[in-house]
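For the sequence shown, the residue numbers in my numbering are 1037 to 1521.
C-beta: ideal position from N, C-alpha, C; glycine also.
Bear in mind the structure is a predicted one, so any value in this text is a computation, not a measurement.
Report on the following structure.
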Amino acid sequence: MQESRRKGHRVRLDAGAVLRPEALSASGSAARKTPPVWGPGSVFLEDGRIVAVTPADPAPAWPESEVVDRRDCWIVPGFVQTHIHLCQTLFRGAAEGLTLFEWLERVVWPCEAALDAASMELSAVLGTHLLASTGTTTLLDMGTTHHTDVIARVVARSGLRAFLGPAIMDRGPQHDLLRDEASARREIDALASAWQGHDDGRIRIALCPRFVPSVSDRLYERLVEAPEYRDFLIHTHGSETREEVEQVRSLTGGRTPIEHLTAWDAAAGRLQIAHAVWVSDRDRARLADTGSSVCHCPSSNYKLGSGSCDLAALQAAGVRVGLGADGAACNNRLDPWMEMRLAAFNQSALRGPDTVDPAAILRLATLGGAEALGLADETGSLARGKSADLVVLDPTGDPGAAPGPLPEEDPAAWMVYAGSAALVRETWVRGRPVFRRDEESKWYADQGARIAEARAGLLDRAGLSAKRRPPAGTVPKAATSPRSR
Ligand SMILES: [Zn+2]
C-alpha cells in the first residue's frame, strides 16, 4: 500500500461495511432512531483526509486515485483512548492482587523510578504497538516524572495521534519521583519546545498532575494558572477510590477531589479526569458546569477493586465521557474492545441490561473520546474533512465470533459484545497504516527479546524481580505500607 501523504494523493478504500458513529447520539435511545451506515461502501481520501463516504452502489467516479480493496472487511473509526500510561507497559504482570495505593507504593512508583531511557523506550514501543494493534489511533498519555521526551519520540515514530506529558508530583511517599516546581517546569518546557504541535498537530502536550495526594495546592495552582500553559489540557486522576477521596478531604479541608481540581477558574474547560468512580451528584454537576470531561476506565476500576463508575449518571448530568484502558499494569492490556465490553457490563450491573445501548458504547470509544479531548473536528468518526483515522476489521481474524458477514440486526451489539482486537487487520492514521497484522510476527521477532530483557532488568532495579516477588493474593494486609498524608 502506498502512503497517502503525497500532495494530492487520492485513495478510494472499498469496504464490505462502513460504520459512521456521528449518526449515533451520545445517549442510548436516540441512537436507535438514526441508524449509522452499515453496508458496503467506500471511503474517499485525499492527502490523508476524508473527502466522502458513500454506498458502494453506485460508486462515484474518483479519477487518479489508488484503489484499496477491502471488500472482505469492515471499516470503523479509529478508537480514542483518553487515559493511558505508556511508561507502565513493562510492569504488566508485576502488580497483581493489590488495591490502588498498595499497587502504586509497592510496584508502580518503584518501577517508574527505576525506568531509564532504554527501558522507557521499550515500554513505550510495546505500549504503542499494543494500542495500534487494537485499533487505537488517538491516546492521551500520562508519563512519569522523567524521560517523557523518550515517550514523545516513540509516539512520533509510531504514527499515532497523542496528547502526552510528564506526571507532576511534589508530595507523597515516593521520594525518587518527587520534583519541585522548577524541575517540573523544565521537563514540561523541554517537551513542549520539542514536540508541541509536531507533525501538523499530531502530537500535543498536556499538563499531568498525577492526582491530588501527589500534588501540592501551590504547585497545582502555579501550573494551572501559568499563562504559558493556558492552552494545555489538564490530565489527572480523580475520585478513583474511597481511600483517595478520604485523603483528599483531609488534605484540602474537606473538598472532594472533583471540588478541588475544579476550584481554579483557569482549569475550566480543559480538565480531563480519569476514573470519577466515587462522585456525588454535586461532583457531577460541578464537572458539567466547568466543562470538564471524564475518562471511564472500567477494567482498571474492576481489577484494582476501586468500584464502578456510573456512566449513565455522568452522561445524564451533561459530562463529556471517553474510554481508556489506563496502564497495562492494571488491567493487563491496552484494549478498547475490553473497555467497551466492560463499560456495557458495568452499566448493565448498575442499572439493568435494558439501559445499555451498544451503539452509544461504541460511540463513547470513538467520537465520545474525540469530543472529550476537544478533537471532534479532527478525528473520531468517518466524516468529510476529518483525518482518515480508521480501522480495517477482518472477520476471519476471529472466525468463531464472526461467522460470515457482519450481522445486520444489531451490528453495534455484535461489535461491543462479540468483537475483539483479533479482528483488527490494519489501523490507519491520517490515511496511512500504522499497524498491519501481517507484519506482527516480524515485529515480535525484532522486538520481543529486547522487551523481555528490558523488563527483567527494570524489575530487578526496582527490587521486584520474579524471584523476590510473592505470588498474587499471598501478601497479608498487615504488610501494606503506610499511607502518605
Ligand atoms: Zn491512570
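Counterpart residues of residue i in DSSP-defined beta bridges
i	result
I1309	T1272, V1330
S1101	R1046
P1091	G1077
Three-way DSSP call (helix, strand, coil) for residue i in this model
i	result
G1363	strand
P1076	coil
E1082	strand
D1050	strand
H1045	coil
L1055	coil
R1472	strand
H1296	helix
L1136	helix
T1277	coil
R1128	coil
D1108	strand
V1536	The chain is shown from 1037 up to 1521; residue 1536 falls before or after that span and cannot be answered.
R1356	strand
L1418	coil
L1426	strand
Boundaries (first-last residue) of the beta strand (DSSP E) holding residue i
i	result
L1464	First, the amino acid is wrong: residue 1464 is Trp here, not Leu. Segment 1460 to 1465, the beta strand (DSSP E) holding W1464.
C1147	Note, C1147: premise wrong, no beta strand (DSSP E); alpha helix (DSSP H) at 1145 to 1150.
D1434	Segment: none, D1434 is in no beta strand (DSSP E) and carries neither H nor E.
L1175	1172 to 1178
T1118	1115 to 1121
A1242	1239 to 1245
F1199	1197 to 1201
Bounding residues of the alpha helix (DSSP H) (the contiguous stretch that carries residue i)
i	result
D1007	Because residue 1007 is not part of the residues shown, which for the chain are 1037 to 1521, the question remains open.
C1013	The shown model of the chain, from 1037 to 1521, leaves out residue 1013, and the question about it has no answer.
R1322	1317 to 1325
S1477	1476 to 1497
S1219	1217 to 1231
M1156	1153 to 1169
G1525	Nothing can be reported for residue 1525, as the shown portion of the chain is limited to 1037 through 1521.
R1266	Per DSSP, R1266 belongs to no alpha helix (DSSP H) and is neither H nor E.
A1380	1372 to 1387
T1184	1184 to 1194
W1450	1447 to 1453
Sufficient close CB pairs (3 or more, under 8 Å) joining the stretch 1310 to 1317 to the stretch 1285 to 1298: Yes, the stretch 1310 to 1317 touches the stretch 1285 to 1298.
Residue list, Cβ distance to ligand 1 heavy atoms smaller than 6 Å: Answer in sequence order: H1119, H1121, H1273, A1310, D1362, G1363.
Stretch pair the stretch 1485 to 1494 + the stretch 1168 to 1178: three plus CB contacts closer than 8 Å: Taking 8 Å as the limit for Cβ pairs, the verdict is that the stretch 1168 to 1178 does not touch the stretch 1485 to 1494.
Stretch pair the stretch 1365 to 1375 + the stretch 1454 to 1468: three plus CB contacts closer than 8 Å: Result yes; three or more Cβ-Cβ pairs closer than 8 Å.
Three-pair Cβ contact test at 8 Å for the stretch 1134 to 1151 versus the stretch 1103 to 1120: Taking 8 Å as the limit for Cβ pairs, the verdict is that the stretch 1103 to 1120 does not touch the stretch 1134 to 1151.
The stretch 1192 to 1203 / the stretch 1215 to 1226 touching (three or more Cβ pairs under 8 Å): Cβ pair count under 8 Å is three or more, so yes.
Sufficient close CB pairs (3 or more, under 8 Å) joining the stretch 1383 to 1393 to the stretch 1420 to 1431: At 8 Å Cβ cutoff, the stretches do not touch.
Given 8 Å, three or more beta-carbon pairs between the stretch 1302 to 1309 and the stretch 1338 to 1348: Flag = no, the stretch 1302 to 1309 and the stretch 1338 to 1348 do not touch.
Inter-stretch contact at 8 Å, needing at least 3 Cβ pairs: the stretch 1396 to 1405 / the stretch 1349 to 1365: Flag = yes, the stretch 1396 to 1405 and the stretch 1349 to 1365 touch.
Any 3 or more C-beta pairs closer than 8 Å across the stretch 1471 to 1478 and the stretch 1228 to 1248: At 8 Å Cβ cutoff, the stretches do not touch.
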